[in-house]
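Report on one structure; see the data block that follows.
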Amino acid sequence: MTTVPAIEQPATERSAAVPTAAGRPRRRSHSRRAGTPYAFLAPAIVLFVAFLGAPIVYAAYLSLRKVKVSGLGLGSGSRTEIWAGLSNYARSLTDPEFLPSVGRIGAYGLIVVPVMLGLALLFALLLDAGRTKVGGFTRTAIFLPYAVPAVVASLLWGFLYLPRVSPINDVLEGIGVGSPNLLGSSWILYAVANIAVWGGTGFNMIVLYTALKAIPQDMYEAARLDGATEIQIAWRIKIPIIAPSMVMTFVFSLIATLQVFAEPMTLRPLSNTISSTWTPLMKVYRDAFTRDDIYSAAATSVIIALATFALSFGFLKLVGSRAFRQED
Amino acid sequence: MKKALVGVFAASLLLLASGCSGSDDSDTGSDAGGKVDLTYWTWTPNMDKVVETWNAANPNIHVTVNKQDGGDPAVTKLLTAIKAGSGAPDVMQAEYQKVPTLVSADALADIKDEAGSLKDKFPESNWNSVTLGGDSVYAVPQDNAPLMFFYRKDVFDKLKIAAPKTWDDYAAAAKKIHAANAKQYLGTFSATDAGLFTGLAQQAGASWWGINGDTWSVNINDAATQKVAGYWGGLVQEGSVLNTPMYTPEWNAALNDGTQVGWVSAVWAPGVLEGNAASTKGKWAAAPMPQWDTAAPKTGNWGGSATAVTTQSKHPKQAAQFIQWLNTDPAAIKLLASQANVYPAAIDSSAALTSPPAFFADQADFYTLASDAAKIGNPFTYGPNVNVAYSAFNDAFGKAAESKQSAQFTAALATMQSQTVDDMKNSGFKVAG
């Protein structure tokens with residue numbers, strides 16, 4: 001708490017200097033000042049519009065269009081782009097593959113989110129409680145998988161899943177358990193979820209660990225004087241205080257779940273069990289790049305974006321205010 | 001993509017003599033309109049070396065090779081450039097099954113005036129693929145990839161099995177091999193390789209698309225394809241062939257350690273085997289495809305590509321001249337075979353193919369078998385949405401292969417058929433059946 005006045009001091013000095021040194025020019029430059037914020041914002045606005053706003057608008061526009069072929073569809077002029085109304089949305093939502101893919105990521109999320117966040121919280125609390133010398137190494141080791149790109153991680157795990165090239169199966173067979181086909185239909189969901197947990201736990205752990213680090217030590221001292229055990233401290237002090245961070249990691253994980261793509265896409269050629277529409281985003285990819293139908297891909301994208309928006313903001317509204325109030 | 005990998009393997013591993021750059025081509029002659037620059041998108045390795053010869057002989061038509069990642073990404077890029085109105089090359093390599101898609105997107109120029117006379121230089125099935133059975137010529141065939149059968153001769157000899165002449169022989173051999181050694185399989189049904197299945201259906205007499213007037217027909221779920229799907233479904237169900245995909249680390253390991261002892265593949269297989277199964281060198285043999293009817297032997301294709309002029313080219317005449325040279329000139333064909341390791345589509349390419357591929361060094365008649373196979377390719381028409389049919393194949397047959405039920409294999413064809421027809425109807429094509 002002692003640092004706060006130290007930071008505020010220069011600010012006070014500067015604001016105090018303004019009236020004395022620039023008392024007269026202030027009025028003169030008033031009109032110019034009105035534009036100043038916009039000038040400073042301009043680069044951000046331009047970049048936002050060019051790389052986020054415009055593509056979103058264009059995607060929404062494409063989702064309302066379609067190509068109409070006349071005759072055999074060969075030769076020039078046989079394809080025209082026309083308005084499609086909402087037919088792309090209707091096709092997307094009624095596609096027999098769409099709902100199962102949503103159900104699949106639902107099940108996937110039910111595995112990934114609790115396991116990943118549970119492990120992240122556990123590791124963060126252990127690292128924070130231990131404060132041992134190996135802490136730095138352990139922290140890096142747990143974080144490291146996050147630095148591995150999802151495609152590389154999936155290739156790596158793909159090798160570990162394939163029975164003939166996998167050391168896991170050698171070990172399992174060695175101890176007489178037999179080798180389950182990890183890419184078979186009964187295991188595939190766990191196989192994909194495992195990659196996400198492996199890759200994501202480290203990041204979430206760092207977020208939670210950083211939040212834990214910000215808790216003043218004197219709180220623990222007070223708790224210990226009152227006779228609290230380490231577990232009680234974790235449960236009654238640490239977890240409630242870092243609740244906002246936990247909410248944030250949950251929202252991140254929720255969004256990542258809705259957008260899962262790289263892992264199943266990379267595993268797909270290794271197995272019969274991952275279809276080209278295994279997740280909603282894979283369906284978007286298939287429509288756009290395999291079927292060359294960017295219009296229905298755009299429609300599905302808009303649906304996914306709206307669902308992501310609704311779910312994350314809905315969740316924040318539900319739990320966020322309560323979590324953030326505790327911070328005050 | 002896969003075929004590109006195959007090509008890379010083939011090129012980097014088949015070390016054929018490479019000293020014939022001192023070409024003595026006479027000047028092919030060019031337009032009197034001054035120097036012309038052409039760009040050429042291809043993923044064939046060493047194509048730049050083939051083109052060097054052309055550039056040396058034709059200073060007025062300079063061709064620049066622009067190396068692509070492979071068949072699928074190159075097509076995606078080209079379609080984007082066509083949609084954008086600029087950015088497409090003058091000359092483009094295109095797999096046969098992509099030609100209708102590209103024509104449908106108005107990406108390929110009709111070069112019948114320049115190349116129409118080349119018809120007799122190519123097998124009928126290849127020529128059919130670049131004309132779509134009509135009067136227009138959208139590309140000139142470059143390489144042909146007839147299906148052939150490759151097997152581990154040592155394993156067959158040990159079990160006293162002859163190379164299968166019919167599909168019944170193949171089934172019996174598969175059963176016998178797996179019975180003799182539970183870890184060994186003669187093959188696998190790969191749900192990730194729609195191109196191979198298409199070739200097998202083509203061999204059986206299927207032609208999945210057709211044009212009748214201004215109406216398309218789709219016949220994926222026909223009797224011939226049903227026969228093929230049921231056959232492989234039966235083998236998978238009884239467990240004498242595997243149900244796992246090809247081109248996985250698992251499959252490579254199985255080829256290399258001798259648990260996959262056969263491969264129904266195409267003429268480019270030696271390059272892949274050399275890359276994936278190096279430790280089995282000298283143990284393989286090539287044979288003609290097993291047949292449904294030995295009285296009328298047929299084969300299909302897996303891969304192969306043509307060279308086309310795009311609609312954005314400002315010099316279509318010169319571009320057509322170049323692709324005609326590239327795919328029919330004896331010197332160019334020789335370079336294609338020796339430098340780029342393609343199996344040329346041109347019928348009189350035998351002079352360029354004298355010694356067998358290195359991995360099949362003992363099989364002196366390799367290219368005789370290949371050219372016999374190339375002559376008996378069944379005609380097959382690809383439609384404008386091959387991509388949709390292939391992705392439907394991957395999903396439907398993936399499910400069927402996982403279930404190991406023969407009935408699911410034949411049912412998967414109905415799914416392919418309906419998804420393909422629905423897609424065409426949705427786009428506004430006139431479709432019958």
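Taken in sequence, the protein lines are chains E and C. Each residue of the first sequence is one higher than the one before, starting from 1 at the first, in full-length UniProt numbering. Each residue of the second sequence is one higher than the one before, starting from 1 at the first, in full-length UniProt numbering. Even glycine gets a Cβ: it sits at the ideal position worked out from N, Cα and C.
Under the Cβ criterion of 8 angstroms, Ile211 (chain C) is counted among the residues facing chain E. Around Gly383 (chain C), the same chain offers Pro100, Trp208, Trp209, Trp216, Val218, Ala389, Thr420, Met424 as residues with beta carbons nearer than 8 angstroms, after the five sequence neighbours per side are excluded. Ile61 (chain C) is positioned such that its CB atom lies closer than 8 angstroms to that of Phe322 (chain C). Rounded to the nearest whole angstrom, the C-alpha separation of Phe48 (chain E) and Gly271 (chain C) is 49 angstroms. Contact fails between the region 60-73 of chain E and the region 280-287 of chain E, because fewer than three Cβ pairs, one in each stretch, are under 8 angstroms apart. For Ala194 (chain C), no chain E residue has a C-beta closer than 9 angstroms to its own C-beta; the minimum C-beta separation is roughly 11 angstroms. Within chain C, no residue has its beta carbon less than 7 angstroms from that of Pro180 (chain E); the closest one is some 14 angstroms off. With at least 16 other beta carbons inside 10 angstroms of its own, Gln97 (chain C) counts as buried. Along the region 65-77 of chain E, going in chain order, the ones with a CB nearer than 7 angstroms to a CB of chain C are Val67, Lys68, Val69, Ser70, Gly71, Leu72, Gly73, Leu74, Gly75, Ser76. Within the region 89-151 of chain C, complete beta strand (DSSP E) segments of at least 3 residues are found at 91-95, 140-143, given in chain order. Using a Cβ-Cβ cut-off of 7 angstroms, Asn387 (chain C) is close to Thr290, Arg291, Asp292 of chain E, given in chain order. If you look at Glu274 (chain C), you'll find it in the alpha helix (DSSP H) that goes 269-276.
Distance check between Ala81 (chain C) and each of C:Ala105, C:Ile347, C:Gly199, C:Pro123 places C:Ala105 closest, using alpha-carbon atoms only. For Asp257 (chain C), no alpha helix (DSSP H) segment is defined, and its DSSP state is neither H nor E. Checking the DSSP bridge columns, you'll see Val69 (chain E) partnered with E:Arg79. Taking a contact as a CB-CB distance under 8 angstroms, the pair Ala340 (chain C) and Val50 (chain C) counts as one, their CB atoms being some 6 angstroms apart.
Below the 7 angstroms Cβ cutoff, chain C contributes no neighbours of Pro37 (chain E), its closest Cβ being approximately 37 angstroms away. One finds Gly398, Glu402 in chain C with Cβ atoms closer than 8 angstroms to the Cβ of Thr273 (chain E), taken in chain order. By DSSP's assignment, Ser418 (chain C) forms no beta bridge with any residue. For Thr210 (chain E), the closest C-alpha among the options E:Ala191, E:Ala120, E:Glu230 is that of E:Ala120. Of all residues in the region 206-230 of chain C, only Ile211, Gly213, Asp214, Thr215, Trp216 place a beta-carbon less than 9 angstroms from a beta-carbon of chain E. Looking only at E:Ala299, E:Arg91, E:Gln217, the smallest Cα-Cα distance to Val57 (chain E) is reached by E:Ala299.
Taking a contact to require three or more Cβ pairs closer than 8 angstroms, the region 108-127 of chain C and the region 308-323 of chain C qualify as touching. Taking 8 angstroms as the Cβ-Cβ cut-off, the region 248-267 of chain E has no residue approaching chain C. Residues of the region 361-385 of chain C with a C-beta less than 7 angstroms from any C-beta of chain E: Pro384, listed in chain order. If you check the CB distance, Thr381 (chain C) and Gly70 (chain C) do not come in under 8 angstroms. Listed in chain order, the non-local C-beta contacts of Ala153 (chain E) below 6 angstroms within the same chain comprise Ile195, Gly199, local neighbours out to five positions each way being set aside.
Ala191, Thr192: these are the residues of the region 176-205 of chain C whose beta carbon lies less than 7 angstroms from some beta carbon of chain E, given in chain order. In this structure, the alpha-carbon of Leu86 (chain E) lies about 12 angstroms from that of Val302 (chain E). Within the same chain, Ile188, Pro264, Leu267, Arg268 come within 7 angstroms of Ile274 (chain E) by CB-CB distance, once the 5 residues on both sides are set aside.
For Asp143 (chain C), the number of other beta carbons within 10 angstroms of its own is at least 16, and it is reported as buried. Close CB contacts of Asp48 (chain C) within its chain, under the 7 angstroms cut and outside five residues either way in sequence, are with Val65 (chain order).
Between Asp293 (chain E) and Glu95 (chain C), the alpha-carbon positions lie close to 20 angstroms from each other.
Ranked by how close their Cα comes to the Cα of Val261 (chain C), the residues C:Arg152, C:Asn212, C:Thr368, C:Pro379 have C:Arg152 in first place.
The CB of Pro280 (chain E) never comes closer than 7 angstroms to any CB in chain C; the least such distance is about 15 angstroms.
By the Cβ-count criterion, Asn126 (chain C) is buried, with 16 or more other Cβ atoms from all chains shown falling within 10 Å of its own Cβ.
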